[in-house]
Amino acid sequence: MVTVAIISFPFVFQAQSAPTLKELVDAAMTKDAAIEQQNLESKLNSLDLQKLKDVFLPKVEISGKGGYLNTRANFISPEIAIPAIKPIFPGEGSFNNNFNFSGLFGAANAEAKVLLYSGGKVKYLKEALTEKENANKAMQVKNQDEVITQISTAYDQFALVIESKKVLDESKKRLDANKKTAEKALGYGLITPYEYKKIELAEATLDSKMVEYEGKKELLITLLNLLTGIDKERIALINPKLEKIEYLVTDTDINNRTELRAIDHGMKAIDAKIKAEKTWWIPKVQASTSLAYLGLYNANISSSKALIPGTNQKLDSDLTNFSLFPIFQAGVGFKWDVFDGNEGKHEVEKAKIEKEILESKKSDAVRKLQLNLVNNQTNYNITDSQVEMKAKAKQIAKNALTQAEKEFRYGLIKSTQLIEAENDLENTELEYQTAIFNQRRAAIELMKSTHNLSIEKL
């Protein structure tokens with residue numbers, strides 16, 4: 218008898234969950250091109266700042282060279298005359314001799330330099346880079362707000378499509394029930410075949426809207442997938458609900474807007490740049506030290522004529538190897554640009570013009586942001602009131618359809634009138650959901666106008 222043991226291993230299947238709005242936004246932040254570029258810009262600023270800090274670090278250089286040396290020197294001496302002896306250079310008046318030197322050489326040098334004082338330029342350039350980075354961070358907040366706006370819009374569109382599907386499903390249920398009533402009425406001769414066809418036409422129209430819904434939903438799934446990188450299967454599970462955003466503006470001051478803060482930091486950066494450029498005339502101090510070696514090998518020195526006139530003894534000697542080490546030096550030096558051809562002056566004037574441009578941009582931005590705040594507040598008030606009106610219209614259409622269904626059962630109205638009542642309710646329900654969608658858009662724009670946008674408030 219053979220016993221077969223079957224060992225079962227438990228398999229754990231983890232159901233996928235729909236991503237939240239916060240998860241969608243966080244994922245989009247990591248993929249947004251503008252934010253990525255600003256992060257790279259911050260890295261460049263950090264490198265430039267570190268480069269300025271490293272200016273005061275010692276710089277050490279080691280160099281060496283070797284090769285063959287061949288040079289010639291011409292020596293001309295005046296006539297040499299000794300009393301009671303004839304001139305050494307009779308009839309010439311001078312002595313002309315060429316000396317030739319050749320041989321191998323080797324040299325090495327190690328040098329260290331350190332900047333002691335930059336005239337204050339490095340300090341101000343650091344301030345300029347710091348303010349530039351602050352401006353970059355301020356604009357990064359603006360781009361983050363834009364990502365929240367983009368994702369929340371797509372998220373709410375997803376909710377709007379789902380709510381539309383619910384409206385269509387309810388319409389189909391009612392239409393199916395009314396179709397059964399119409400079939401009975403047609404059998405009893407209470408309605409004409411034409412009126413019955415109207416109900417069938419309404420059913421076909423509703424089916425086409427269902428197909429349109431599926432297309433819109435698939436488009437939104439693809440959009441969110443591209444913006445966030447989250448799997449389509451998870452995005453398809455999203456089932457949000459559209460609700461109004463209640464937002465009350467308590468502070469109408471726009472000076473905290475990221476655009477203005479970025480401009481302010483930009484102007485501070487230019488102020489620091491101006492101070493840096495004005496240091497052109499201040500002496501820069503540097504300390505240096507070096508250690509060197511020099512050696513000659515297989516050298517030869519020769520002359521074209523005799524060393525002593527009247528003899529045949531020309532110079533032709535091989536020099537023994539010799540070296541100089543250590544050749545050491547240390548000291549402190551300075552560089553003073555007494556006149557730089559007005560280069561520093563031109564740079565200062567250029568920076569002042571750049572600051573004037575930023576001041577003009579800020580003035581223009583303040584006017585536009587103030588107008589934008591008023592406009593967004595008005596839009597918020599309008600869309601908020603629209604929600605209430607659409608809610609009332611939906612309730613009226615719902616009551617009208619209930620009454621129309623009763624009258625249709627008793628043959629008091631035609632099918633076309635019933636279909637009109639059904640379409641009125643369907644339209645008012647969709648308009649109500651669209652009104653909530655528009656109100657949320659207006660509330661988000663109002664939050665951005667007061668620099669108060671956050672996912673938690675959505």
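Under our numbering, the first residue of the sequence shown is numbered 218, with each subsequent residue one higher. C-beta: ideal position from N, C-alpha, C; glycine also. Please read these numbers as outputs of a predicted model, since none were measured by experiment.
Looking only at its chain, what residues have a beta carbon closer than 6 Å to the beta carbon of residue i, apart from the 5 residues adjacent to it on each side?
| i | result |
| --- | --- |
| residue 516 | 320, 536 |
| residue 201 | No answer is possible for residue 201: it lies beyond the span of the chain, which begins at 218 and ends at 675. |
| residue 546 | 507 |
| residue 351 | 482 |
| residue 490 | 345, 568 |
| residue 396 | 416 |
| residue 505 | 330 |
| residue 337 | 496 |
| residue 231 | Since pLDDT at residue 231 reaches only 48, below the 50 mark, its modelled position is unreliable, and the value read off the structure follows with that caveat. Nothing listed; no residue qualifies. |
| residue 494 | 561, 564, 565 |
Output needed for residue i: all residues of its chain with C-beta closer than 7 Å, excluding positions within five of it in sequence on either side, in chain order.
| i | result |
| --- | --- |
| residue 426 | 385 |
| residue 638 | 617, 618, 621 |
| residue 472 | none |
| residue 445 | 241, 244, 245, 248 |
| residue 654 | 373, 377, 459 |
| residue 433 | 378 |
For the beta strand (DSSP E) containing residue i, name the first residue and the last one.
| i | result |
| --- | --- |
| residue 629 | No beta strand (DSSP E) holds residue 629; DSSP gives it neither H nor E. |
| residue 671 | Taken as a continuous stretch (DSSP letters only), residue 671 belongs to no beta strand (DSSP E), as it is neither H nor E. |
| residue 532 | 531-536 |
So, for residue i: in the same chain, excluding its five sequence neighbours on each side, which residues have a beta-carbon less than 8 Å away from its beta-carbon?
| i | result |
| --- | --- |
| residue 301 | For residue 301, the pLDDT reaches just 47, beneath the cut-off of 50, and the residue's location in the model is therefore unreliable, although a value from the coordinates is still provided. Here the set comprises nothing. |
| residue 587 | 471 |
| residue 307 | Here the model assigns residue 307 a pLDDT of 47, short of 50, so the residue's position is not dependable and the matter cannot be decided. |
| residue 598 | none |
| residue 288 | 317, 318, 319 |
Where DSSP assigns a beta bridge to residue i, which residues make up the other side?
| i | result |
| --- | --- |
| residue 503 | 332, 550 |
| residue 277 | 329 |
| residue 514 | 321 |
| residue 262 | DSSP output for residue 262 lists no bridge partner at all. |
| residue 288 | 318 |
| residue 520 | 316 |
| residue 689 | Residue numbering for the chain in the displayed model covers 218 to 675; residue 689 lies beyond these limits and cannot be assessed. |
| residue 539 | 513 |
With hydrogens ignored, establish whether the beta-carbon of residue i is closer than 7 Å to any heavy atom of the ligand GDP.
| i | result |
| --- | --- |
| residue 440 | Within the structure as shown, the ligand GDP is missing, as the structure has no ligands at all. |
Which residues mark the beginning and the end of the alpha helix (DSSP H) in which residue i is found?
| i | result |
| --- | --- |
| residue 449 | 449-452 |
| residue 423 | 410-445 |
| residue 207 | Because the chain in this structure spans residues 218 to 675, residue 207 falls outside the shown range and cannot be described. |
| residue 390 | 338-404 |
| residue 475 | 475-494 |
Report back the beta-carbon spacing between residue i and residue j to the nearest angstrom; my notes put them in contact at under 8 Å.
| i | j | result |
| --- | --- | --- |
| residue 663 | residue 594 | 6 Å |
| residue 340 | residue 266 | 12 Å between Cβ atoms; not a contact. |
Contact between the region 645-655 and the region 603-613 is defined here as three or more beta-carbon pairs at a separation below 8 Å; is this criterion met? With the rule of 3 Cβ pairs closer than 8 Å, the region 645-655 counts as touching the region 603-613.
Tell me whether the region 243-259 and the region 354-368 touch, counting them as touching only if at least three CB pairs, one residue from each stretch, are closer than 8 Å. Flag = yes, the region 243-259 and the region 354-368 touch.
How about the region 449-465 and the region 329-345: do they share at least three Cβ pairs that are nearer than 8 Å? Judged by Cβ distances under 8 Å, the region 449-465 makes no contact with the region 329-345, as fewer than three pairs qualify.
Just checking, does the region 436-456 make contact with the region 560-575 on the three C-beta pairs under 8 Å criterion? Counting C-beta pairs closer than 8 Å gives fewer than three between the region 436-456 and the region 560-575, which falls short of the contact rule.
Does the structure place the region 365-379 close enough to the region 423-443 that three or more beta carbon pairs sit under 8 Å? With a cut-off of 8 Å, the region 365-379 and the region 423-443 count as touching, because enough Cβ pairs lie within range.
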